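**Student:**
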Amino acid sequence: MSAIKKDSGFGVAHIILFFSIAILVIVVAVPVLLILFNAFFVNGHFNSRDFYNVLMQPETYAALKNSLIIASCTTIGSTIIGTFFAWLVTRTDLPYKGFMKGVFLVPFMLPSFIGALAWKMLLSPNAGFINKFLMSTFHLTEPVFNIYNYFGISMVEVMYLFPFVFIQVCGALERMDPTLEESARISGAGLLTITRKITIPLVMPSILSGALLIMLYSMAHFGTVAVLGVENGIYNIPTLIYERIHQSGGSFEAIRTGTVLATVLVVSAAVIIWAQHKILGKGHYQIIGGKSFRPMELKLRGLRYPLLAFCIFYIAFTIVLPTVVIFLVGGLKTYGLAFTLENLSLDNYKYILTEYTVTKDAIFNSISLGLAAAVITMFAGVMISYVIVKMKVRGKGILEFLGMLPFSVPGSVIALGVILAWSGQFGINLYNTVWIILVAYIARYMAFSLKSNSAALEQVHDSLMEASRSCGATMWQSLKDIVIPLVRPGMLASFFLIFLPALRELTVSIMLYSPTTRTIGVAIYTLNEDGETVMSAALAGIALIIIVTGQTIINRITKKVGE
49 MSAIKKDSGF GVAHIILFFS IAILVIVVAV PVLLILFNAF FVNGHFNSRD
99 FYNVLMQPET YAALKNSLII ASCTTIGSTI IGTFFAWLVT RTDLPYKGFM
149 KGVFLVPFML PSFIGALAWK MLLSPNAGFI NKFLMSTFHL TEPVFNIYNY
199 FGISMVEVMY LFPFVFIQVC GALERMDPTL EESARISGAG LLTITRKITI
249 PLVMPSILSG ALLIMLYSMA HFGTVAVLGV ENGIYNIPTL IYERIHQSGG
299 SFEAIRTGTV LATVLVVSAA VIIWAQHKIL GKGHYQIIGG KSFRPMELKL
349 RGLRYPLLAF CIFYIAFTIV LPTVVIFLVG GLKTYGLAFT LENLSLDNYK
399 YILTEYTVTK DAIFNSISLG LAAAVITMFA GVMISYVIVK MKVRGKGILE
449 FLGMLPFSVP GSVIALGVIL AWSGQFGINL YNTVWIILVA YIARYMAFSL
499 KSNSAALEQV HDSLMEASRS CGATMWQSLK DIVIPLVRPG MLASFFLIFL
549 PALRELTVSI MLYSPTTRTI GVAIYTLNED GETVMSAALA GIALIIIVTG
599 QTIINRITKK VGE
């Protein structure tokens with residue numbers, strides 16, 4: 049009897065291992081390897097000359113320079129703002145700081161390319177509402193602002209990316225032992241001295257970790273540069289890859305050029321991730337004490353309400369203003385009209401939801417792809433996480449590496465790899481179908497599922513499985529009746545972590561869509577490019593409603609699960 053049970057368990061374990069390896073190899077490893085192969089090999093022969101020629105083209109050099117400039121400016125701005133706000137809401141007596149902490153996380157769930165679209169409407173030199181208002185009010189002959197430059201692009205990205213640093217630094221400050229700060233205060237040190245010489249050095253690893261995440265994201269970001277940069281000839285590497293492939297109709301030469309550019313992004317990402325590991329691995333400062341404590345709260349005195357007003361103004365200016373503009377422009381009869389009751393209506397929103405085929409299909413595609421990707425990736429993530437966390441097999445570290453690789457690799461690289469892998473090369477042609485986008489989403493968001501499910505599985509003690517097996521249950525029964533119910537909160541978390549980003553995704557979809565497989569992000573972008581500003585704004589407004597509604601549902605479900 050025991051032999052039969054052992055064989056059964058052995059079989060299930062190896063089935064799980066086999067499918068885990070197969071999923072990650074097919075979905076992740078093959079596309080990434082094909083990019084590297086096609087960058088250096090032509091007709092099966094090594095060819096470094098073409099690789100060198102592409103790198104030496106002026107357009108490539110300009111795109112790489114633009115990527116570095118925008119990413120550097122975005123990283124510096126986001127780091128300063130994120131660190132400052134994190135310090136305010138965790139270590140000071142700022143009024144309503146609990147509420148403000150939640151508000152500062154709002155940009156994290158909003159699509160930055162929709163923000164870029166709003167700021168284009170506000171600050172474009174010729175038609176921007178703010179420029180038009182200032183020129184008519186003060187009788188100016190030239191516009192005051194121009195959003196189509198490095199500063200404008202970086203400014204918009206900072207508005208939506210600073211939460212990367214904010215979250216990291218908040219966590220570090222809340223866990224930090226305040227003994228050193230209190231000692232410095234007793235010794236007569238002032239607030240600025242304590243902050244500059246003690247607080248910031250102690251949380252510097254968290255600051256740098258968040259900053260590098262922003263650098264990685266900004267280097268690979270498509271939407272903001274596509275909306276605000278391309279019109280003025282500012283291309284970064286993702287937008288250059290898209291332009292080359294889009295203009296050529298997907299020719300082999302364009303795709304090969306894209307693989308070379310994608311390799312540059314992969315190398316850049318690898319350097320950033322290596323730097324992050326070096327920084328986090330130094331361990332020079334131990335900021336968490338061995339006993340419970342409450343962080344020291346610094347008194348702002350007369351600055352309390354001025355700083356609160358500054359925080360409110362920042363959120364109103366960077367989040368509320370562009371969001372309101374999106375909804376107002378979406379209600380205009382014609383773009384450029386004044387925001388009066390005579391010029392506003394809900395007809396555009398009604399048309400998009402009930403009559404316009406392009407936008408109806410885009411909404412349906414996004415929701416369907418988001419649900420499918422979330423369900424598939426959730427279950428695949430549980431299976432792979434089980435191998436990584438619970439099974440004692442050689443090489444499982446490779447599984448973890450492959451699972452996390454797409455999170456570290458830019459979305460345009462994943463999209464290009466999927467094109468190479470599933471456009472007929474292996475007898476399966478998914479190009480110009482919705483399935484190729486689904487495959488790319490699964491690869492892109494696998495890391496989210498692995499992180500969430502691995503954390504949940506770590507909390508399930510091995511003794512529970514051992515007790516179940518000793519009572520006669522097969523491995524499959526133990527998994528079904530014990531493990532899966534216990535990790536259900538992690539599964540739900542991974543589902544929502546994938547579904548919402550998939551709803552607003554643009555970087556991957558823009559490389560893979562066909563006329564019948566547009567997603568919401570692609571439809572907003574293409575409508576704007578075609579001059580349908582009012583329609584793109586109306587669809588963007590609907591997208592924001594879907595995203596906020598989804599986030600509200602997630603918060604309620606997560607709260608119930610936690611209870």
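Here the sequence shown is numbered in my numbering, starting from 49 and rising by one per residue. Ideal placement from N, C-alpha and C gives every residue a C-beta, glycine not left out. Keep in mind it's a predicted model, so treat the numbers as computed, not measured.
Could you check the C-alpha separation between Ala-386 and Ser-393 for me, to the nearest Å?
**Tutor:** Distance between the alpha carbons of Ala-386 and Ser-393 is about 13 Å.
**Student:** If we ignore side chains and look at the alpha-carbon of each, how far apart do Arg-604 and Val-76 end up?
**Tutor:** For Arg-604 and Val-76, the distance between alpha carbons rounds to 33 Å.
**Student:** Could you give the DSSP three-state label for Val-90: helix, strand or coil?
**Tutor:** Val-90 falls in the strand class under three-state DSSP.
**Student:** Just reading off the alpha helix (DSSP H) that Asp-510 is part of, what are its end residues?
**Tutor:** It spans 510-518 - the alpha helix (DSSP H) in which Asp-510 sits, taken as one unbroken run.
**Student:** Kindly indicate which residue of Asn-413, Ile-374, Ser-416, Gly-418 has the alpha-carbon position closest to the one of Tyr-397.
**Tutor:** The option with the nearest alpha carbon to Tyr-397 is Ile-374.
**Student:** Can you find the residues in the same chain that come closer than 7 Å, C-beta to C-beta, to Ser-433, ignoring five residues on each side of it along the sequence?
**Tutor:** Closer than 7 Å at the Cβ level, and outside the excluded window around Ser-433, lie Leu-498, Asn-501, Ser-502, Leu-505.
**Student:** Cα-Cα, which of Leu-182, Cys-218, Trp-167 is closest to Phe-199?
**Tutor:** Ranking Leu-182, Cys-218, Trp-167 by Cα distance to Phe-199 puts Trp-167 first.
**Student:** For Asn-179, which of helix, strand or coil comes out of DSSP?
**Tutor:** Helix.
**Student:** Let's test the definition: count the other Cβ atoms within 10 Å of the Cβ of Trp-322 and tell me whether it reaches 16, buried, or not, exposed.
**Tutor:** By the 10 Å Cβ count, Trp-322 comes out exposed.
**Student:** Can you name the residues that DSSP bridges to Thr-140?
**Tutor:** In DSSP, Thr-140 forms a bridge with Leu-346.
**Student:** Taking all protein chains shown into account, do 16 or more other C-beta atoms lie within 10 angstroms of the C-beta of Val-423, making it buried, or fewer, making it exposed?
**Tutor:** So Val-423 ends up on the exposed side.
**Student:** Can you look up Lys-339 in the DSSP assignment and give me helix, strand or coil?
**Tutor:** Here Lys-339 scores only 48 on pLDDT, less than 50, and its place in the model should not be relied on; the value that follows carries that caveat. Of the three classes helix, strand and coil, the one that applies to Lys-339 here is coil, per DSSP.
**Student:** Should Pro-143 be labelled buried (16 or more other beta-carbon atoms within 10 Å of its own) or exposed?
**Tutor:** Pro-143 comes out exposed.
**Student:** On the criterion of 16 or more Cβ atoms from any shown chain inside 10 Å, does His-93 qualify as buried, or is it exposed?
**Tutor:** Burial call: exposed.
**Student:** Can you find a C-beta in chain C that's less than 8 Å from the C-beta of Glu-205?
**Tutor:** The chain labelled as chain C is not found in the depicted structure, where only one protein chain is given.
**Student:** On the criterion of 16 or more Cβ atoms from any shown chain inside 10 Å, does Cys-519 qualify as buried, or is it exposed?
**Tutor:** It counts as exposed.
**Student:** Using a 10 Å radius around the Cβ and a threshold of 16 neighbouring Cβ atoms, would you call Ala-495 buried or exposed?
**Tutor:** It is buried - the Cβ of Ala-495 has at least 16 other Cβ atoms within 10 Å.
**Student:** If you count every other CB in all the chains shown that lies within 10 Å of the CB of Tyr-508, and 16 or more means buried, which is it?
**Tutor:** According to the sequence provided, residue 508 is Val. The question's Tyr does not apply to it. Val-508 should be labelled buried.
**Student:** How would you write the range of the alpha helix (DSSP H) that Thr-373 sits in, first residue to last?
**Tutor:** At residue 373 the sequence reads Val, which differs from the Thr that was named. Looking at the DSSP string, the run of the alpha helix (DSSP H) that includes Val-373 is 369-378.
**Student:** Taking the DSSP output, what are the residues bridged to Ser-471?
**Tutor:** Note: Ser-471 sits in a beta bridge opposite Asn-477.
**Student:** Quick check: Ala-585 and Gly-378, are their CB atoms within less than 8 Å of each other?
**Tutor:** The answer is yes: Cβ separation under 8 Å.
**Student:** According to the Cβ coordinates, are Ile-293 and Val-312 closer than 8 Å?
**Tutor:** In this structure, Val-312 does not lie closer than 8 Å to Ile-293 by Cβ.
**Student:** As a quick exercise: from Leu-209, Val-90, Thr-405, pick the residue whose alpha carbon is nearest that of Val-307.
**Tutor:** The sequence shown places Thr at residue 307, rather than the Val named in the question. Measuring from the Cα of Thr-307, the nearest candidate turns out to be Val-90.
**Student:** State the Cα-Cα distance for the pair Thr-366 and Met-207, rounded to the nearest angstrom.
**Tutor:** For Thr-366 and Met-207, the distance between alpha carbons rounds to 6 Å.
**Student:** Three-state secondary structure (DSSP) at Leu-392?
**Tutor:** Residue state, collapsed to three classes: strand.
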